[in-house]
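Only one structure is covered here, and it is reproduced in the block below.
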Amino acid sequence: MPTPSPARMHDFTVVSNEQIARGVYSLVIEAPKLASMLKPGQFVNIRVPGNAMSLLRIPLSYASANPETGTVEIWYAVVGDGTERMAAWTPGFTGDLLGPGGHGWSVPKDCRRALVVGGGIGVPPVLCLGRELSARGIAFDAVVGAASSDTMVGVHEFERAGAGTVAVATDDGSAGHHGFCTDLLADLLARNDYDYIATCGPGVMMKKVADAAAAADVFCEASLERMMSCGFGACSTCNVETVDGMKGACMCGPVFDAKKVVVW
Ligand SMILES: Cc1cc2nc3c(=O)[nH]c(=O)nc-3n(C[C@H](O)[C@H](O)[C@H](O)COP(=O)(O)OP(=O)(O)OC[C@H]3O[C@@H](n4cnc5c(N)ncnc54)[C@H](O)[C@@H]3O)c2cc1C
Ligand code: FES
Numbered sequence: 058m059p060t061p062s063p064a065r066m067h068d069f070t071v072v073s074n075e076q077i078a079r080g081v082y083s084l085v086i087e088a089p090k091l092a093s094m095l096k097p098g099q100f101v102n103i104r105v106p107g108n109a110m111s112l113l114r115i116p117l118s119y120a121s122a123n124p125e126t127g128t129v130e131i132w133y134a135v136v137g138d139g140t141e142r143m144a145a146w147t148p149g150f151t152g153d154l155l156g157p158g159g160h161g162w163s164v165p166k167d168c169r170r171a172l173v174v175g176g177g178i179g180v181p182p183v184l185c186l187g188r189e190l191s192a193r194g195i196a197f198d199a200v201v202g203a204a205s206s207d208t209m210v211g212v213h214e215f216e217r218a219g220a221g222t223v224a225v226a227t228d229d230g231s232a233g234h235h236g237f238c239t240d241l242l243a244d245l246l247a248r249n250d251y252d253y254i255a256t257c258g259p260g261v262m263m264k265k266v267a268d269a270a271a272a273a274d275v276f277c278e279a280s281l282e283r284m285m286s287c288g289f290g291a292c293s294t295c296n297v298e299t300v301d302g303m304k305g306a307c308m309c310g311p312v313f314d315a316k317k318v319v320v321w
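For the sequence shown, the numbering used here gives the first residue as 58, with consecutive numbering after it.
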């Protein structure tokens, strides 16, 4: 018998929906019960009305959740039809979503220092993890990568969350290291004693992080992105090949032990 999904239907009202980088928006919604339930690494599955041909909800991680104000902040990149329609939402717009989906990060109980690595729009799930690490008194460093400085998100938020170091890389050299953010790992791993590494971003980036973590013998988790049709374990569109067989990202993930992932 599979574990029942933790996801439930929630109504929401848009508080704000603003562009924060080129092609990236911050959506703040009011959904009080959801805001008190979400754990870093979990996701929501949002209904985006307006196209009768597009029936599937859009799975999105969250950047922050505030149980006191009852709000949840989501950062999304406009990449296609659904996210284009989301970008037109204005304050007061109402909708519904399914959440929280899946399970989040499993920070080891005795963790003293962690490293989080976010690439592109993979930053939100590691940003909310960084905030939680700080709240738990666990020191952490962050690595942020992006194609260019104008698409980069999360650097100031990581600084405000108390990251020891925020190392930055861009593919075009417009901010920080000119190259991949994974180029920065060797130095950080040599200078610090990490107990845990968490990563989210393009598959090829996460594989490099996982390989560096394995070489340094540090427990590493990765949040994987897959197409998702249902978001609660009914359709198998989100399968991830692991050493233990196929696992649905929406129920067994999206966060996986990086050592177990076969196909990124
Ligand atoms: C657990 C999870 C968390 C996510 N969190 C975020 C987030 O925080 N912010 C964010 O911007 N995006 C996130 N995504 C990706 C987001 O769901 C897709 O970008 C979105 O569904 C695209 O919808 P669309 O209708 O605009 O594009 P479409 O028109 O459906 O597709 C545009 C392009 O994106 C590809 N695509 C669509 N959905 C996915 C998917 N799930 N995985 C890989 N490629 C896809 C399509 O193949 C196509 O090439 C997440 C995905 C998952 C599974
Ligand atoms: S999205 Fe349907 S089983 Fe995961």
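Using N, Cα and C, we set each Cβ at its ideal position, and we do this for glycine too.
Owing to the predicted nature of the structure, the values given are computational and were not obtained by experimental measurement.
Only counting the same chain, and skipping five residues up and downstream in sequence, which positions put a Cβ closer than 6 Å to that of R142?
V105 and G107
Strictly by DSSP, which residues pair up with T151?
T151 is bridged to T70.
Among all the DSSP beta bridges, which residues are the ones paired with K304?
V297
Kindly indicate which three-state DSSP category L172 falls into: helix, strand or coil?
strand
By alpha-carbon positions, which one of T70, G137 and V85 ends up nearest to G152?
T70
Near ligand 2: A64 beta-carbon under 7 Å from a heavy atom:
Not a single heavy atom of ligand 2 lies less than 7 Å from the C-beta of A64.
At least one CB of chain D closer than 8 Å to the CB of V210: is that the case?
No chain D appears in the structure shown, which is made up of a single protein chain.
Start-to-end residues for the alpha helix (DSSP H) that takes in P182
V180 to A192
Considering only the alpha carbon of each residue, which of I77, W132, R114 and D301 lies closest to I86?
W132
What is the residue span of the beta strand (DSSP E) that D198 lies within?
A196 to A203
Comparing the CB of A122 with every heavy atom of ligand 2, is any distance shorter than 7 Å?
Relative to ligand 2, the beta carbon of A122 is positioned no closer than 7 Å to any heavy atom.
For D228, name the three-state secondary structure that DSSP assigns.
coil
What ranges does the alpha helix (DSSP H) occupy inside the segment 209-291, keeping only unbroken runs of at least 4 residues that lie completely in it?
212-217, 242-248 and 260-272
So what does DSSP say about T140, is it helix, strand or coil?
Helix, per DSSP.
Please classify R114: is it buried, with 16 or more other beta-carbons within 10 angstroms of its beta-carbon, or exposed?
Taking all protein chains in view, the Cβ of R114 is crowded by 16 or more other Cβ atoms within 10 Å, so the residue is classified as buried.
When we look at the beta-carbon of L186 and count the other beta-carbons within 10 Å, is it buried (16 or more) or exposed?
Classification of L186: buried, given that the 10 Å Cβ count is 16 or more.
State the Cα-Cα distance for the pair V81 and K304, rounded to the nearest angstrom.
30 Å
Select from D229, A272 and A192 the residue whose C-alpha is nearest the C-alpha of L246.
Each of D229, A272 and A192 was checked against the Cα of L246, and the nearest Cα belongs to A272.
Would the beta-carbon of W132 be found less than 7 Å away from any heavy atom of ligand 1?
yes
Going by alpha carbons, who is nearest to G236 out of E214, M262 and D252?
M262
By alpha-carbon positions, which one of V136, W321 and A92 ends up nearest to G260?
W321
Simplified DSSP assignment, three categories, for M58
In this predicted model, M58 has a pLDDT of only 41, less than 50, meaning its place in the structure is not dependable enough to derive any value.
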